[in-house]
Amino acid sequence: MIKKLIVFSALTLVSIILSAQVAQPLYYYPHGHEPYEGGDKEFYKDFHQILVDNKMEPCENKNELYLLKVIVTEEGSVKYLKDEMNSGMAEKNKCAYNLGLQVLKYMDKWKPLEIDGVKKQGVASYHIFPDALFENYKEGYSVESEPALLEGLPDGINKFRSEVVKKIDLDGFQWKQSFKMVALFTVNTEGVIEDITLENSSGVPDFDKRIISGIKNVKKKWSPAKIHGVPVRYRFRLPLSFGNPS
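Numbering (the numbering used here), first residue to last: 622 to 867.
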């Protein structure tokens, strides 16, 4: 049987481009780059103060939670980014959604994303839980989430990684040196894996499909991530290593 030889070139950093809502690409802020001057704590501090200064009303439903996504332009202005993947979230959490849009108009400490010294449009997101931002606000508040977990597995993500590797069909492939790839997937509010993608392609579509298929074929039950006890979607970044075959 003729083996397929995969030649992997150095993988370059590729920003995630969102579906076109504007004319030019949008990029997520990488880890360590703050979209708002002073970071998350300053964002929520300003959010709270704007609520107070403008005498806005809290939500009747104390469990409302909305993921507010925004575009920070090259000039440092900001605008709301409609999230098609969570289209029902705004309707279910209308008060939190409306408060986010109202407060957004007053916030003015945005920092444009820079890539190699060039300013780009960047995407930032913040969970808005109004009950923690009115009279219950405490100095230094920042959203902390309980991550999605594999039920019954104390070393969940590493165990899951091992199961994924076992499920990937490598038959018919060989390579000359070890390499790594990174899979991205979401655990939704029901604890189900969805939106599986690869951060970078291997350059061989069939091999990419087998990695995605391997993740789909691991039938493990997840507990969804939570913020203030409310289930939320949780995005995982799963590095996978492939060594020299024995």
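Beta carbons: idealized from backbone N, C-alpha and C, even for Gly.
K715 has its alpha-carbon roughly 8 Å from the corresponding atom of Y687.
By the neighbour-count criterion, in which 16 or more other beta carbons inside 10 Å mark a residue as buried, P860 falls on the exposed side. Residues K732 of the same chain have their beta carbon placed closer than 7 Å to that of E655, with the five preceding and five following residues left out of the count.
Going by beta carbons, I848 and A804 fall outside the 8 Å limit. Under DSSP, S783 forms no beta bridge with any residue. Between F668 and L722, the C-beta spacing is not below 8 Å. Residue environment for I749: buried (at least 16 other C-beta atoms within 10 angstroms of its C-beta). DSSP, reduced to helix, strand and coil, places Q795 within a strand of the structure shown. Bounds of the alpha helix (DSSP H) holding K666 are 660-674. Taking a contact as a CB-CB distance under 8 Å, the pair V853 and S766 counts as one, their CB atoms being some 7 Å apart.
Around the beta-carbon of G743, 16 or more other beta-carbon atoms lie within 10 Å, marking it buried. Distance from the CA of N675 to the CA of L720, rounded to the nearest whole angstrom, comes to 11 Å. Contact between G761 and K662 is confirmed by a C-beta separation of about 6 Å, below the 8 Å threshold. In this chain, S822 is not harboured by any alpha helix (DSSP H), its DSSP state being neither H nor E.
Distance between E658 and R858, taken at the CA atoms: about 26 Å. Per DSSP, the continuous beta strand (DSSP E) segment holding K740 begins and ends at 739-741. For Y649, the closest C-alpha among the options L672, P679, V691 is that of V691.
Non-local beta-carbon contacts of N684 in its own chain, meaning distances under 7 Å to residues more than five positions away in sequence, involve V851 in chain order.
Here DSSP, grouped into helix, strand and coil, assigns D729 to coil. Between the beta-carbon of I832 and that of I778 there is about 16 Å, and that puts the pair past the 8 Å contact cut. In summary, N838 is exposed, with fewer than 16 beta-carbon neighbours lying within 10 Å of its beta-carbon over all protein chains present.
Nearest Cα to W843 within the set A711, Q670, Y758, K780: K780. The continuous beta strand (DSSP E) containing R858 extends over residues 855-863. Excluding the 5 residues flanking it on each side, I671 has same chain C-beta neighbours closer than 6 Å at V724, Y727, in chain order. Across the structure, D752 and I814 are spaced so that their CA atoms are roughly 29 Å apart. Cβ-Cβ distances below 7 Å link Y758 to H669 in the same chain, with the five nearest sequence neighbours on each side left out; the list follows chain order.
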